[in-house]
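**Q** Heads up, the sequence shown is in my numbering, so the first residue is 2 and it goes up one at a time.
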Amino acid sequence: MVSSEQHDAAILAEAADFWRRHGFEPWSWRAMRGVRRRTTVAKDALLGPVAEYYVDDYVVWRHAGDEDAQFLLENWPPERDVMLHRFLFVGNEFAPRIRTRSFLLGLRGYIEVCHYQAAGRGSRRIRDLAALVDKAYGLAAQTV
2 MVSSEQHDAA ILAEAADFWR RHGFEPWSWR AMRGVRRRTT VAKDALLGPV
52 AEYYVDDYVV WRHAGDEDAQ FLLENWPPER DVMLHRFLFV GNEFAPRIRT
102 RSFLLGLRGY IEVCHYQAAG RGSRRIRDLA ALVDKAYGLA AQTV
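1) With C-beta atoms as the reference, is Tyr59 less than 7 Å away from Arg37?
2) Provide the residue span of the alpha helix (DSSP H) that contains Asp82, from first to last.
3) Quick one: give me the first and last residue of the beta strand (DSSP E) that Val34 is part of.
4) Apart from the five residues just before and just after Ala137, which ones in its own chain have a Cβ nearer than 8 Å to its Cβ?
5) Would you call the segment 83-102 and the segment 44-51 touching, i.e. three or more CB-CB distances under 8 Å?
6) How long is the line joining the alpha carbons of Gln71 and Ala120, rounded to whole angstroms?
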């Protein structure tokens with residue numbers, strides 16, 4: 002028998018074209034599975050570009066819940082020029098609080114981990130990723 006969480010993960014995994022259209026590519030680390038994308042952020046001033054850095058977004062649909070979230074917070078390495086690693090754990094758990102860790106007092110970036118339940122409420126900081134998850138579920142419902 003397939004659990005609802007496994008079914009949800011299968012729905013999101015089958016939406017490969019949808020994720021690709023939004024700049025995501027398949028991603029896995031340890032037993033976690035999902036998609037990731039890198040976004041370039043440019044800071045401008047009157048005289049032109051001042052700085053450029055990256056934000057890495059991860060939508061993770063196969064995970065061990067809070068155990069994997071804690072492991073990420075404790076073990077995820079900082080990357081050069083990446084200021085923010087955002088992880089959205091999709092599943093039946095919901096935690097309205099985003100857990101954050103800084104690398105070298107924020108000078109080497111941050112990692113944020115948030116749990117999200119499809120069609121649920123989420124923090125404003127992850128609304129863009131949550132909307133994509135909801136859209137992927139909506140597209141899957143239309144094809145059934």
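The beta-carbon is built from N, C-alpha and C at its ideal position, and this holds for glycine as well.
Just so we're clear, the structure is a prediction, and the values are computed from it rather than from any experiment.
**A** So, from the listed chains and residues:
1) In the sequence shown, residue 59 corresponds to position 58, counting from 1. In the sequence shown, residue 37 corresponds to position 36, counting from 1. The answer is yes: Cβ separation under 7 Å.
2) Along the sequence shown, read from residue 1 onward, the residue named residue 82 stands at position 81. No alpha helix (DSSP H) contains Asp82, which DSSP labels as neither H nor E.
3) On the sequence shown, position 33 is the one that residue 34 refers to. Residue identity differs from the one stated: residue 34 is Arg in this sequence, not Val. Element bounds for Arg34: 33-46.
4) As a first step, residue 137 must be located in the sequence shown, where it is residue number 136. Ile12, Leu13, Ala16, Phe19, Trp20, listed in sequence order.
5) no
6) Taking the sequence shown and counting its residues from 1, the one referred to as residue 71 is at position 70. Taking the sequence shown and counting its residues from 1, the one referred to as residue 120 is at position 119. It is roughly 24 Å from the alpha-carbon of Gln71 to the alpha-carbon of Ala120.
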